[in-house]
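Working notes, beginning with the structure itself.
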Amino acid sequence: DAGITQSPRHKVTETGTPVTLRCHQTENHRYMYWYRQDPGHGLRLIHYSYGVKDTDKGEVSDGYSVSRSKTEDFLLTLESATSSQTSVYFCAIRRGGNTIYFGEGSWLTVV
Amino acid sequence: DQQVKQNSPSLSVQEGRISILNCDYTNSMFDYFLWYKKYPAEGPTFLISISSIKDKNEDGRFTVFLNKSAKHLSLHIVPSQPGDSAVYFCAASVEGAQKLVFGQGTRLTINP
């Protein structure tokens with residue numbers, strides 16, 4: 001158990017609507033990450049955070065924004081969802097060293 | 001630019017035999033490598049890692065080999081068990097860096 005809770009776990013939304021995914025950790029770790037998993041692409045980093053209000057872009061950040069107002073919560077927002085953002089989204093934390101630990105995932109379908 | 005590549009999308013192995021999953025990387029700055037295992041509808045779980053100062057790391061049935069000159073690593077599972085059927089991702093990072101770069105994944109199926 002990585003001590004991470006993702007919500008919602010499943011969501012269907014319409015194109016053009018905003019969507020926010022929440023990642024909550026209980027262990028007070030500094031680093032948090034959002035990845036997406038797509039067939040043929042593996043896991044790709046969207047955004048990450050290295051502290052409260054400290055965030056940076058990953059390799060597929062277009063169309064996404066993040067916020068971290070508290071250590072325990074890292075929010076991923078799709079400002080205007082598109083079908084290409086249909087994916088599985090994983091939050092992760094880094095406990096120390098180079099190993100990161102993932103949450104259970106959030107399945108998002110944009111119709 | 002795919003810095004970490006897993007060129008085999010799938011692999012099928014008989015139960016009890018050895019499974020070998022391969023991963024290649026292009027960035028010579030990478031010095032820490034990891035393998036993750038993922039079951040359907042679950043998050044990836046950390047399996048084993050290796051630092052570039054080593055060429056082998058073992059943990060039970062799992063062994064990771066690193067060939068720095070070839071920029072290649074492999075994961076050996078011996079003996080393979082049905083519960084090993086999953087998608088395996090390799091990942092790489094630069095020591096002290098804040099993020100991991102993942103490969104595309106290989107789906108391993110263990111046949112009885």
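Quick note, the sequences are listed as chains Y and G, same order. For what it's worth, this note's numbering labels the leading residue of the first sequence as 1, then goes sequentially. For what it's worth, this note's numbering labels the leading residue of the second sequence as 1, then goes sequentially. Each residue gets a CB set at the ideal place from its N, CA and C atoms; glycine is no exception. Bear in mind that the values here come from a model prediction, so they are computed numbers and not experimental data.
Strand pairing of residue i, partner residues [DSSP]
i: ALA97(G); result: Beta-bridge pairing links ALA97(G) to no other residue.
i: MET32(Y); result: SER49(Y), ILE93(Y)
i: ILE20(G); result: HIS76(G)
i: SER7(Y); result: ARG22(Y)
i: ARG107(G); result: SER10(G), VAL87(G)
i: PHE74(Y); result: CYS23(Y)
i: ILE100(Y); result: ARG94(Y)
i: ASN67(G); result: HIS72(G)
i: ILE50(G); result: PHE33(G)
i: LEU41(G); result: Note that residue 41(G) is Ala in the sequence shown here, rather than Leu. DSSP, once it has assigned bridges, lists no residue as partnering ALA41(G).
i: ARG68(Y); result: ARG68(Y) is not bridged to any residue.
i: SER106(Y); result: TYR89(Y)
i: VAL60(Y); result: Bridge partners of VAL60(Y): none, in fact.
Reduced DSSP secondary structure (H/G/I, E/B, other) of residue i
i: GLN85(Y); result: helix
i: ASP54(Y); result: strand
i: ASP59(G); result: strand
i: ASP38(Y); result: strand
Contacts of residue i in chain G (Cβ-Cβ under 8 Å)
i: LEU21(Y); result: None at all; the shortest Cβ gap to chain G is about 14 Å.
i: THR99(Y); result: LEU34, PHE46, SER49
i: PHE90(Y); result: GLY43, PRO44
i: TYR64(Y); result: In chain order: nothing, as chain G lies at least about 15 Å away.
i: GLY58(Y); result: LYS99
Within chain Y, the residues that residue i reaches when beta carbons sit closer than 8 Å
i: GLN14(G); result: Neighbours of GLN14(G) on chain Y: none; closest Cβ ~26 Å, over 8 Å.
i: SER93(G); result: ASN98
Residue i Cβ short of 6 Å to the ligand MN heavy atom set
i: GLY83(G); result: With respect to the ligand MN, the structure shown offers nothing to examine, as it has no ligands at all.
Neighbouring residues, chain Y, relative to residue i (Cβ below 7 Å)
i: SER52(G); result: Neighbours of SER52(G) on chain Y: none; closest Cβ ~11 Å, over 7 Å.
i: GLU58(G); result: Per Cβ cutoff of 7 Å: no residues; GLU58(G) is ~17 Å from chain Y at best.
Contacts of residue i in chain G (Cβ-Cβ under 7 Å)
i: HIS10(Y); result: Result: empty, since nearest Cβ-Cβ is about 10 Å, beyond 7 Å.
i: GLY42(Y); result: PHE89, PHE102, GLY103, GLN104, GLY105
i: LEU45(Y); result: LYS99
Neighbouring residues, chain A, relative to residue i (Cβ below 8 Å)
i: PHE74(Y); result: In summary, chain A is missing from the structure at hand, where the protein chains are Y and G.
Worksheet item: Counting pairs of beta carbons, one from the region 100-109 of chain Y and one from the region 57-66 of chain Y, are three or more of them closer than 8 Å?
Response: no
Item to complete: Pair every Cβ in the region 36-50 of chain G with every Cβ in the region 2-18 of chain G, then say whether three or more of these pairs are closer than 8 Å.
Response: no
Worksheet item: Counting Cβ pairs closer than 8 Å, one from the region 53-67 of chain G and one from the region 38-57 of chain Y, do we hit at least three?
Response: Segments in contact, no.
Worksheet entry | Inter-stretch contact at 8 Å, needing at least 3 Cβ pairs: the region 24-31 of chain G / the region 74-94 of chain Y | no
Worksheet item: Touch check for the region 18-27 of chain Y and the region 88-97 of chain G: three-plus C-beta pairs under 8 Å?
Response: No, the region 18-27 of chain Y does not touch the region 88-97 of chain G.
Item to complete: Evaluate contact between the region 5-23 of chain Y and the region 77-86 of chain G, counting only Cβ atoms and requiring at least three cross-stretch pairs below 8 Å.
Response: With a cut-off of 8 Å on Cβ pairs, the region 5-23 of chain Y is not in contact with the region 77-86 of chain G, counting fewer than three such pairs.
Worksheet item: Do the region 4-15 of chain G and the region 100-110 of chain G make contact, defined as three or more Cβ pairs closer than 8 Å?
Response: yes
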